[in-house]
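**Student:** Numbering (this note's numbering), first residue to last: 17 to 276.
From the three backbone atoms N, C-alpha and C, an ideal C-beta is built for every residue, glycine too.
Sharing a structure, written as structure tokens. Questions coming.
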């Protein structure tokens, strides 16, 4: 376990880039398949998210988060890997790299996300997209409440991060940056896909997936979160954002008119 953590820490940036590439390729493949599905003469294909797909993704997110939470609660093998990886990253990560990554991670800071959320909300209200505005606000407020509730339940201390480029004092599990990025950029992509021409959708999804991946993994490299914190955050965020998008699609199709 320690050897694996050490190897990962020594190749963290390469692995980060590979993960980003794989996630982007996977997301693009899924998106293209969904576009082809909607192109056929199938009434259910009018939805951006099929109910069975939404249910499967929500279940997967909940199960992954629950499994990680149980490991953390029991202080089982995953937490040993967490500690080893954080320690090895602290020993192997160059300070100039940490400084650069600390700038990137601020994209997902709560204050930044709240300001951006308010701007998007105001724009939706001004344009009278009432239903989109409602779903947007529920999604963003909800993820904050879920994350803070889980932090208070687990009260996990953060790993030591003494590089000085970023300091966090709140509880560690799950990562608010990971879940927040998942919900914010996931919902932003949904809003833009609903409101923009189809030729832009592929790029919108790619940007959202890329930012979600970059922000979450940056928290591990900066040692402000354990590995399990980030992936539990991804799991809870994914389940919640898919539930919100699925609800939006349900009401949109129920009205049999464009969602706005």
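With 16 as the cutoff for other CB atoms within 10 Å, does residue 191 come out buried or exposed?
**Tutor:** Under this definition residue 191 is a buried residue.
**Student:** Short check: CB of residue 102 to CB of residue 239, under 8 angstroms?
**Tutor:** Yes, these two residues count as a Cβ contact at 8 angstroms.
**Student:** Among 68, 38, 231, 177, whose alpha-carbon lies nearest the alpha-carbon of residue 266?
**Tutor:** The shortest C-alpha separation from residue 266 is found at 68.
**Student:** Between the region 191 to 208 and the region 221 to 234, do at least 3 Cβ pairs fall closer than 8 angstroms?
**Tutor:** With the cut-off at 8 angstroms, the region 191 to 208 and the region 221 to 234 touch.
**Student:** Please report how far the alpha carbon of residue 229 lies from the alpha carbon of residue 38, in whole angstroms.
**Tutor:** Roughly 11 angstroms between the two C-alpha positions.
**Student:** Report all residues from its chain with a CB closer than 7 angstroms to the CB of residue 153; omit the five preceding and five following residues, and keep chain order.
**Tutor:** Closer than 7 angstroms at Cβ, skipping near neighbours: 137.
**Student:** Please work out which residues of its chain come closer than 6 angstroms, Cβ to Cβ, to residue 171, disregarding the five sequence neighbours upstream and downstream, and give them in chain order.
**Tutor:** Here the set comprises 187.
**Student:** Tell me, please, whether the region 248 to 263 touches the region 71 to 87 by the rule of three or more beta-carbon pairs shorter than 8 angstroms.
**Tutor:** Contact between the region 248 to 263 and the region 71 to 87 is present, because at least three Cβ pairs lie under 8 angstroms.
**Student:** Hey, residue 81 and residue 252: beta-carbon distance below 8 angstroms or not?
**Tutor:** For residue 81 and residue 252, yes; Cβs fall inside 8 angstroms.
**Student:** Can you tell me whether residue 151 is buried or exposed? The criterion is at least 16 other CB atoms within 10 Å of its CB, across all chains shown.
**Tutor:** With 16 or more Cβ atoms within 10 Å of its Cβ, residue 151 is classed as buried.
**Student:** Going by C-alpha distance, which of 23, 160, 106, 148 is nearest residue 198?
**Tutor:** Nearest of 23, 160, 106, 148 to residue 198, Cα basis: 160.
**Student:** My assumption, with CB atoms under 8 angstroms, is that residue 105 sits in contact with residue 231. Please give the rounded CB distance.
**Tutor:** Contact doesn't hold; Cβ gap of about 17 angstroms is too wide.
**Student:** Helix, strand or coil: how does DSSP classify residue 267 here?
**Tutor:** In this structure, residue 267 counts as helix in the three-state DSSP scheme.
**Student:** Confirm, please, whether the CB-CB distance from residue 100 to residue 28 is below 8 angstroms.
**Tutor:** Not closer than 8 angstroms, so no.
**Student:** Give me the Cβ distance between residue 156 and residue 200, rounded to the nearest whole Å; I'm assuming they're in contact under 8 angstroms.
**Tutor:** Correct: roughly 6 angstroms between the Cβ atoms.
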